[in-house]
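Peer 1: Keeping their order, the protein sequence lines are chains C and P. Each residue of the first sequence is one higher than the one before, starting from 38 at the first, in the working numbering. Each residue of the second sequence is one higher than the one before, starting from 38 at the first, in the working numbering. Questions regarding the structure given below will be posed in turn.
Protein chains: 2
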Amino acid sequence: MSRPVAVAPDTRPNMHEAMARAVTTGGATLVDTADAEGLIWADPGRPEAFPEVIATTTRLEWIQLPYAGIEPFAHHLNDRWTWTCGKGVYAPAVAETVLAMILSGQKHLHGYARASSWSGPVGRVLANSRVTVLGGGGITAHLLPLLAPFECDVTVIRRSDEPFLGADRTIPVTRLHEVLPLTDVLVLALALTDETVGIISAAELTALPEHAWLVNVARGGHVVTDDLVAALAAGSIAGAALDVTNPEPLPDGHPLWSAANCLITPHIANTPEMGLELLEPFVAENVRRFCVGEQLLAPVNVALGY
Amino acid sequence: MSRPVAVAPDTRPNMHEAMARAVTTGGATLVDTADAEGLIWADPGRPEAFPEVIATTTRLEWIQLPYAGIEPFAHHLNDRWTWTCGKGVYAPAVAETVLAMILSGQKHLHGYARASSWSGPVGRVLANSRVTVLGGGGITAHLLPLLAPFECDVTVIRRSDEPFLGADRTIPVTRLHEVLPLTDVLVLALALTDETVGIISAAELTALPEHAWLVNVARGGHVVTDDLVAALAAGSIAGAALDVTNPEPLPDGHPLWSAANCLITPHIANTPEMGLELLEPFVAENVRRFCVGEQLLAPVNVALGY
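In structure tokens:
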């Protein structure tokens, strides 16, 4: 059964177009908000436009938000409608960026990218390396299959020691220091909480082997930046690839910008373009479910606020 | 049965030592060239020494070359002896570098590596991309499993249209131009022969979509360099990652060094360290086969020149 679904606001043309396609692909009829039973929110940057858009609706039942984390919309949540979000949608893109960063480190691509002259061979084979991933969420779940063909020895560190699919072992964060000396690549892909702020500081960096790489796609606050700067300068680890920094954005002139063994990407593990590519089929699937009355993906718990 | 095998020349001590170990491990007796029935060539950089070394042999049957691509030795090939090479030996290391280069291109890492300031989001998702690989040898065989988790649509182009394991389709090189417009990433991993010199020139680069990346880990001579420089400058492709160039080494000041959308690595897809590690057990196995009369690995087709 086709149902009327609207896409709003129209302030981001690319996104509006992609979401409109998703509505049609999902089997719904694209309508104005006044006639809509479902609404796809199509500009993550404009939560403040919500009251005005919503004022025009009369038959609304369901709102699809584009976010993985919905904090910008949290104050608009209420029990009048069913809310869904983009939880888990972007993890495949972030996992790709993690593997890109790992391989870039192993093959010295950051160094070669900066060269303007033919130089000597640097680089390691990733196959059979020991990879430790801090965090057992969606990014890790999507990363491990990408790593599988390299036959790495993978340790997942999480709050519990419940086994993680694809990991050679799963250990609780209390045993982090046992694993660090046996780690060739350390990936940070965990949530930032009071317990995980500064979880990687001088002691942890010193415990890693000198050939180890740090990859951070979680939050800049997980790493004590000054300790990382010192470790990179001292060569106590081989390098760091950071998609997130503290402070963020990293200010011009910060020592990390000029560290030879540091690659910084500006929080691009998923870009709006990538995001749209992933969000479109996801929203199409939720539209399909809405039309046929199946359970929606990524529901927001209004009481808990996520 | 043990047979007499020599290792020459002795101009690269590390390599001579590793190959001498391989001879012994393989069950042969290490002898001087004058007494040798087999010869392991132990300096890739010195093909010009070949006539002098070979002049001392009297009972020679088999020559093992250390190369994956044997062009430096091509003019020495003849039907007097059985020739084998290092075809496929370095493929696992090279395949890793190919994936590193592909992901680096998709995630704009070469650009971010050159930045000293926080910038905007650039980057694509590799998953579900259309990857075309020119060449159906060992690199391709090792690359496709690494690509498998990305669920790319993979076309292998080779001389025949014999199916290639892991490829969605295999087509003959005569149909290259049909595939180019449907290619997001073009990987060159074929042998350099008279037919493949300059196989990627202006016409092929123009046929690729504007978002396409070229990755070359084969030989610089496959690409008409001036045409690539022009295509990169015009933005008719999105970028190129080159482990091999023509000329090679790429001279200082060459326009490719300053192209914003070009990543150059100095022929490091396998480093000598990685290479020897991979070559030694391979040569030991060929020595064993030579001693017991089994079919040798990586035979050179003297007529085809690879």
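We treat Cβ as the ideally placed atom computed from N, Cα and C, and that holds for glycine.
Alpha carbon to alpha carbon, how far is I237 (chain P) from P158 (chain C)?
Peer 2: Within the second sequence, numbered from 1, the residue matching residue 237 (chain P) stands at position 200. Within the first sequence, numbered from 1, the residue matching residue 158 (chain C) stands at position 121. Cα to Cα, I237 (chain P) sits roughly 26 Å from P158 (chain C).
Peer 1: Step through the CB atoms of chain P and report whether any lies within less than 7 Å of the CB of A79 (chain C).
Peer 2: Mapped onto the first sequence, residue 79 (chain C) falls at position 42. No, no contact with chain P.
Peer 1: Please return the same chain residues whose Cβ sits closer than 6 Å to the Cβ of L146 (chain C), not counting the five positions on each side in sequence.
Peer 2: To locate residue 146 (chain C), count along the first sequence from 1; it is residue 109. Counting only Cβ-Cβ distances below 6 Å, and skipping sequence neighbours, we find nothing.
Peer 1: Determine the DSSP secondary structure at G272 (chain P), reduced to helix, strand or coil.
Peer 2: Within the second sequence, numbered from 1, the residue matching residue 272 (chain P) stands at position 235. G272 (chain P) falls in the coil class under three-state DSSP.
Peer 1: What's the gap between the Cα of T233 (chain C) and the Cα of L223 (chain C)?
Peer 2: Counting from one through the first sequence, the residue named residue 233 (chain C) turns up at place 196. Counting from one through the first sequence, the residue named residue 223 (chain C) turns up at place 186. Spanning the two alpha carbons is a distance of roughly 15 Å.
Peer 1: For A267 (chain C) and A239 (chain C), which I take to be in contact (beta-carbon distance under 8 Å), what is that distance rounded to the nearest angstrom?
Peer 2: Position 230 of the first sequence, counted from the start, is the residue given in the question as residue 267 (chain C). Position 202 of the first sequence, counted from the start, is the residue given in the question as residue 239 (chain C). Confirmed, about 7 Å.
Peer 1: Using a Cβ-Cβ cut-off of 7 Å, state whether M311 (chain C) counts as contacting chain P.
Peer 2: Position 274 of the first sequence, counted from the first residue, corresponds to residue 311 (chain C). Taking Cβ atoms only, chain P reaches closer than 7 Å to M311 (chain C), which makes this a yes.
Peer 1: Would you mind working out which of P:T95, P:E85 and P:G123 sits nearest A71 (chain P), comparing C-alpha positions?
Peer 2: On the second sequence, position 34 is the one that residue 71 (chain P) refers to. Per the Cα distances, P:T95.
Peer 1: Using a threshold of 7 Å, state whether the C-beta atoms of R49 (chain C) and E74 (chain C) are closer than that.
Peer 2: Position 12 of the first sequence, counted from the first residue, corresponds to residue 49 (chain C). Position 37 of the first sequence, counted from the first residue, corresponds to residue 74 (chain C). No; because the gap between Cβ atoms is not below 7 Å, this pair is not in contact.
Peer 1: Indicate the three-state DSSP secondary structure (helix, strand or coil) for A164 (chain C) in the structure shown.
Peer 2: Stepping through the first sequence from its first residue, residue 164 (chain C) is reached at position 127. Three-state result, A164 (chain C): coil.
Peer 1: So for A204 (chain P), helix, strand or coil by DSSP?
Peer 2: The residue given as residue 204 (chain P) occupies position 167 in the second sequence. In this structure, A204 (chain P) counts as coil in the three-state DSSP scheme.
Peer 1: For C189 (chain P) and G203 (chain P), what's the separation of their Cα atoms in angstroms?
Peer 2: Working through the second sequence from its first residue, we reach residue 189 (chain P) at position 152. Working through the second sequence from its first residue, we reach residue 203 (chain P) at position 166. So the two alpha carbons sit approximately 10 Å from each other.
Peer 1: With H, G and I counted as helix, E and B as strand and the rest as coil, what does DSSP make of Q332 (chain C)?
Peer 2: Here residue 332 (chain C) is taken as the residue at index 295 of the first sequence, counted from 1. Three-state result, Q332 (chain C): coil.
Peer 1: Which residues, in order along the segment 149-161 of chain P, keep a beta-carbon less than 9 Å from a beta-carbon of chain C?
Peer 2: From the segment 149-161 of chain P, only Y149, A150, R151, A152, S153, S154, W155, S156, G157, P158, V159, G160 and R161 have a Cβ closer than 9 Å to chain C.
Peer 1: Could you tell me whether the Cβ of D289 (chain C) comes closer than 7 Å to any Cβ of chain P?
Peer 2: Position 252 of the first sequence, counted from the start, is the residue given in the question as residue 289 (chain C). With 7 Å as the cut-off, D289 (chain C) counts as an interface residue toward chain P.
Peer 1: The beta strand (DSSP E) spanning T121 (chain P) covers which residue range?
Peer 2: The residue you call residue 121 (chain P) lines up with position 84 of the second sequence. Note, T121 (chain P): beta strand (DSSP E), T119 to T121.
Peer 1: Rounding to the nearest angstrom, what Cα-Cα distance links L183 (chain C) and F187 (chain P) in this structure?
Peer 2: Counted from its first residue, the first sequence places residue 183 (chain C) at position 146. Counted from its first residue, the second sequence places residue 187 (chain P) at position 150. Answer to the nearest angstrom: the Cα atoms are 7 Å apart.
Peer 1: Can you tell me whether DSSP reads D358 (chain P) as helix, strand or coil?
Peer 2: The first residue shown for chain P is 38 and the last is 343, placing residue 358 (chain P) beyond what the model contains.
Peer 1: Using only the heavy atoms of the ligand FMN, determine whether one of them is closer than 6 Å to the beta carbon of C189 (chain C).
Peer 2: No copy of the ligand FMN appears in this structure; indeed no ligand is present at all.
Peer 1: With H, G and I counted as helix, E and B as strand and the rest as coil, what does DSSP make of I91 (chain C)?
Peer 2: If you number the first sequence from 1, residue 91 (chain C) lands on position 54. Of the three classes helix, strand and coil, the one that applies to I91 (chain C) here is helix, per DSSP.
Peer 1: Using a Cβ cut-off of 7 Å, pull out every chain P residue sitting near W294 (chain C), in sequence order please.
Peer 2: Mapped onto the first sequence, residue 294 (chain C) falls at position 257. Ordered by position in chain P, the residues that pass the 7 Å Cβ test against W294 (chain C) are S153.
Peer 1: What are the residues in the segment 273-286 of chain C lying within 9 Å of chain P by C-beta distance?
Peer 2: Here the close residues are A278, T282, E285 and P286.
Peer 1: Exposed or buried, N51 (chain C), counting other C-beta atoms within 10 Å across all chains shown (16 or more means buried)?
Peer 2: The sequence position of residue 51 (chain C) within the first sequence is 14, counting from 1. Exposed is the call here.
Peer 1: Is the distance from the Cβ of C122 (chain C) to the Cβ of Y104 (chain C) below 7 Å?
Peer 2: As a working note, residue 122 (chain C) is residue 85 in the first sequence. As a working note, residue 104 (chain C) is residue 67 in the first sequence. A contact, by the Cβ cut-off of 7 Å.
Peer 1: Identify each residue in the segment 297-325 of chain P for which the Cβ-Cβ distance to at least one residue of chain C is less than 7 Å, and report them in chain order.
Peer 2: Under the 7 Å Cβ criterion, the segment 297-325 of chain P contributes L300, I301, T302, P303, I305, T308, P309 and M311.
Peer 1: Please determine, among P:D116, P:L102, P:F110 and P:A86, the residue with the shortest C-alpha to C-alpha distance to A340 (chain P).
Peer 2: Taking the first residue of the second sequence as 1, we reach residue 340 (chain P) at position 303. Nearest of P:D116, P:L102, P:F110 and P:A86 to A340 (chain P), Cα basis: P:D116.
Peer 1: Just the chain C side, please: which residues come within less than 8 Å of H147 (chain P) by C-beta, in chain order?
Peer 2: What you label residue 147 (chain P) is simply residue 110 of the second sequence in a count that begins at 1. Here the neighbours are L146 and A150.
Peer 1: Counting pairs of beta carbons, one from the segment 155-174 of chain C and one from the segment 160-173 of chain P, are three or more of them closer than 8 Å?
Peer 2: No, the segment 155-174 of chain C is not in contact with the segment 160-173 of chain P.
Peer 1: Compare the C-beta of P182 (chain P) against all C-beta atoms of chain C and say whether one is closer than 7 Å.
Peer 2: Start at 1 with the first residue of the second sequence, and residue 182 (chain P) comes out as number 145. Chain C, which has a Cβ nearer than 7 Å to the Cβ of P182 (chain P), makes this yes.
Peer 1: State yes or no: is the beta carbon of L140 (chain C) nearer than 7 Å to at least one beta carbon in chain P?
Peer 2: Within the first sequence, residue 140 (chain C) is the residue found at index 103, counting from 1. Closer than 7 Å to some Cβ of chain P, the Cβ of L140 (chain C) qualifies, so yes.
Peer 1: Would you call the segment 262-282 of chain P in contact with the segment 298-307 of chain P, where contact means no fewer than 3 C-beta pairs closer than 8 Å?
Peer 2: Yes, they touch.
Peer 1: Are the beta-carbon atoms belonging to V329 (chain C) and A65 (chain C) less than 7 Å from one another?
Peer 2: For the purposes of this step, residue 329 (chain C) is taken as the residue at position 292 of the first sequence. For the purposes of this step, residue 65 (chain C) is taken as the residue at position 28 of the first sequence. No, they are not a contact pair.
Peer 1: For L269 (chain P) and chain C, any beta-carbon pair shorter than 7 Å?
Peer 2: Within the second sequence, the letter at position 232 stands for residue 269 (chain P). So, not an interface residue.
Peer 1: So the candidates are P:T177, P:G63, P:L265 and P:T262; which of them puts its Cα closest to the Cα of V135 (chain P)?
Peer 2: Your numbering for residue 135 (chain P) matches position 98 in the second sequence. That would be P:T177, whose Cα lies nearest to the Cα of V135 (chain P).
Peer 1: CA-CA distance, T262 (chain C) and P288 (chain C)?
Peer 2: The sequence position of residue 262 (chain C) within the first sequence is 225, counting from 1. The sequence position of residue 288 (chain C) within the first sequence is 251, counting from 1. If I take the Cα positions, the gap works out to 13 Å.
Peer 1: Are P200 (chain P) and T207 (chain P) close, meaning C-beta to C-beta below 7 Å?
Peer 2: To locate residue 200 (chain P), count along the second sequence from 1; it is residue 163. To locate residue 207 (chain P), count along the second sequence from 1; it is residue 170. The answer is yes: Cβ separation under 7 Å.
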